Amino acid sequence: MISDALSLDPLVVGVVLAMAAVTVLTKVGGIWIVRRFELSERLEAGLNVLPGAIVIAVLGPELVNGGPAEWGAAVVVLVVMWRTESILLALCAGVLSVVGFRALL
Amino acid sequence: MDRNPETDVYSTEERSDRETTDATDTTARADESETVPGTEPTAESGSAAAELEYGYDSDTDANSGPESDSDSNPSPVSTADTGQNPTPDPETVTFGWEGVRTGFLTCLPVALGVGGYGIAFGVLASQAGLSVAEAALMSATVVAGASQIVAIELWADPIPIAAVLVTTFAINLRYSLMGAALQPWFKHLSPAKVYGSLFVMADENWALTMRNLRSGAGYGAFLLGSGFAVWLFWVGATVIGAVAGGVVGDPTEYGFDFILAAVFLALAAELWEGKSSLVPWTVALAVAIVAAELVPGRWYILLGGLAAAAVEVIRYDQ
Chain H
1 MISDALSLDP
11 LVVGVVLAMA
21 AVTVLTKVGG
31 IWIVRRFELS
41 ERLEAGLNVL
51 PGAIVIAVLG
61 PELVNGGPAE
71 WGAAVVVLVV
81 MWRTESILLA
91 LCAGVLSVVG
101 FRALL
Chain C
1 MDRNPETDVY
11 STEERSDRET
21 TDATDTTARA
31 DESETVPGTE
41 PTAESGSAAA
51 ELEYGYDSDT
61 DANSGPESDS
71 DSNPSPVSTA
81 DTGQNPTPDP
91 ETVTFGWEGV
101 RTGFLTCLPV
111 ALGVGGYGIA
121 FGVLASQAGL
131 SVAEAALMSA
141 TVVAGASQIV
151 AIELWADPIP
161 IAAVLVTTFA
171 INLRYSLMGA
181 ALQPWFKHLS
191 PAKVYGSLFV
201 MADENWALTM
211 RNLRSGAGYG
221 AFLLGSGFAV
231 WLFWVGATVI
241 GAVAGGVVGD
251 PTEYGFDFIL
261 AAVFLALAAE
271 LWEGKSSLVP
281 WTVALAVAIV
291 AAELVPGRWY
301 ILLGGLAAAA
311 VEVIRYDQ
């Protein structure tokens, strides 16, 4: 199947570029809309809760699908973040503890 | 990266004293404020803006915000400036090399984890029959990990083009919402800067960018710099994975799979604004968990975010 590492099949390249175009549309689409139209204060209030809401929407199912190791590591991240306010420390502690908890549990 | 809130807050106050005498930018901003519907002026406004002014010559403060000592609501919406008040608009965001650099450096450790996934993607892509060049091209132009991995899972001979494209769209639609959430800081930047930066937006660097912008650092180019770090590691790791084929094991072995959750947890800890966050967050959590069970793909992120925003729009009264 792979005749040459550098081979570029025109159809594959076409599909990849179409995927890229679709993805760019999704990335710029939302801000394009909110930049183009004047937003009411009411809508801006809705927009303001988006960052936290998206973060929670990503996290919720992720943690529900995890197990005790992930839940324990999640608590570690929150505690380290709360005590040190350093995202780097929180990340390292989280990744190390998830590896540790998975080995233990 | 490691910050010392006490020192930061102290130095910020010192600066705001000096900055209030500088009226040059203030007058220009007072005009703009008319187009921005005013909300409650926050105590941090002055110091946050002062931090912006000094953004160029200080990188130690890049990730620290003056509001770290406060529970009050640092609204991303501009304060209502009458023109009499010399408080500069805290949302005037600069776009420059310093922001690119700060974003790039801040994102490096996270990008390393992204690289772990890039290797996995490269391995999968080569197993699906893509050449190294084709896999690298996909990583370099699509720059959206989850959708690429799913597309590779759908890949067959002949390529199911419609399914690949529709799935890519559905998985990535959450980026519209993430991009829209950046608008309060990006509203004064040119379209080229905004849309160019969005090309390299991924979950991880969006989260770091939100964090940086909310701290009042004012680095409009943070998304671009952090995205470039992600892009570099993502494409580089794809090549390594595609060349190595099946040699490399599972990213979960090193805990790489937890990095995304850890970044978002850290961000959640900072985004929490007390009582005002409770209702939208509960709505987002409940809707996302239920939707993740009922709806395929990653629609749950979009649905959770939209539901929270909708509830906030309905609740809004002033």
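These protein sequence lines are chains H and C, in that order. The letter at position 38 of the first sequence is residue 38 when you use full-length UniProt numbering, and the numbering goes up by one with no holes. The letter at position 275 of the second sequence is residue 275 when you use full-length UniProt numbering, and the numbering goes up by one with no holes. From the three backbone atoms N, C-alpha and C, an ideal C-beta is built for every residue, glycine too. Quick caveat, the model's predicted, so the values are computed rather than measured.
- Fully contained in the segment 173-229 of chain C are the following alpha helix (DSSP H) runs of length 4 or more, in chain order: 174-181, 183-186, 191-199, 203-214.
- Note on the segment 22-71 of chain H: whole alpha helix (DSSP H) runs with a minimum of 4 residues are 41-48, 50-65, in chain order.
- Residue 38(H) counts as exposed, since fewer than 16 other beta carbons sit within 10 angstroms of its beta carbon.
- Judged by their CB atoms, residue 218(C) and residue 94(C) are nearer to each other than the 8 Å cut-off.
- When the five nearest sequence neighbours on each side are left out, the beta carbons in the same chain lying within less than 7 Å of the beta carbon of residue 260(C) are those of 203, 204, in order along the chain.
- Per the coordinates, the alpha-carbon of residue 28(H) lies some 38 Å from the alpha-carbon of residue 68(H).
- When the alpha-carbon of residue 17(H) is set against those of 119(C), 118(C), 130(C), 137(C), the nearest one is in 137(C).
- When CB distances to chain C are screened at a threshold of 7 Å, the residues of the segment 17-28 of chain H falling below it are 17, 18, 19, 20, 22, 23, 24, 26, 27, 28, in chain order.
- Distance between residue 208(C) and residue 57(H), taken at the CA atoms: about 17 Å.
- About 14 Å separates the beta carbons of residue 180(C) and residue 52(H), which is beyond the 8 Å limit, so they are not a contact pair.
- Going by DSSP, residue 89(H) is part of the alpha helix (DSSP H) stretching over 87-104.
- Across the structure, residue 297(C) and residue 171(C) are spaced so that their CA atoms are roughly 6 Å apart.
- In the three-state scheme derived from DSSP, where H, G and I count as helix and E and B as strand, residue 92(C) is classed as coil.
- Taking CB atoms only, residue 226(C) has no neighbour in chain H less than 8 Å away.
- When C-alpha distances from residue 11(H) are compared across 160(C), 286(C), 236(C), the shortest belongs to 160(C).
- For residue 284(C), same chain residues with a beta-carbon under 7 Å away, outside a window of 5 residues either side, are 304, 305, 307, 308 in chain order.
- Close partners of residue 82(H) in chain C (Cβ separation under 7 Å): 269.
- Rounded to the nearest angstrom, the gap between the Cα atoms of residue 92(C) and residue 99(C) is 14 Å.
- Contact check for residue 23(H) against residue 176(C) fails: the beta carbons are separated by 8 Å or more.
- Taking C-beta separations shorter than 7 Å and ignoring five residues to either side along the sequence, the partners of residue 76(H) in its chain run 93, 94, 97, following chain order.
- Put simply, of 44(H), 78(H), 85(H) the residue whose alpha carbon is nearest the alpha carbon of residue 313(C) is 44(H).
- Remark: three or more beta-carbon pairs, one from each stretch, lie closer than 8 Å, so the segment 112-126 of chain C and the segment 232-241 of chain C are flagged as touching.
- Excluding sequence positions up to five before and after residue 61(H), its CB lies less than 7 Å from no other CB in the same chain.
- If you check each beta-carbon in the segment 104-122 of chain C against every beta-carbon of chain H, the ones closer than 9 Å belong to 106, 109, 110, 113.
- Taking 8 Å as the threshold, the shortest C-beta distance from residue 105(H) to chain C does not fall below it.
- Looking at 221(C), 317(C), 274(C), 166(C), the one whose alpha-carbon comes closest to that of residue 196(C) is 221(C).
- For residue 119(C), the enclosing alpha helix (DSSP H) begins and ends at 97-127.
- Here the alpha carbon of residue 100(H) sits roughly 43 Å from the alpha carbon of residue 8(H).
- Contact between residue 199(C) and residue 114(C) is ruled out by a C-beta separation of about 16 Å, above the 8 Å threshold.
- Boundaries for residue 159(C): no alpha helix (DSSP H) harbours it, and the DSSP string shows neither H nor E there.
- Around the CB of residue 174(C), 16 or more other CB atoms lie within 10 Å, so the residue is classed as buried.
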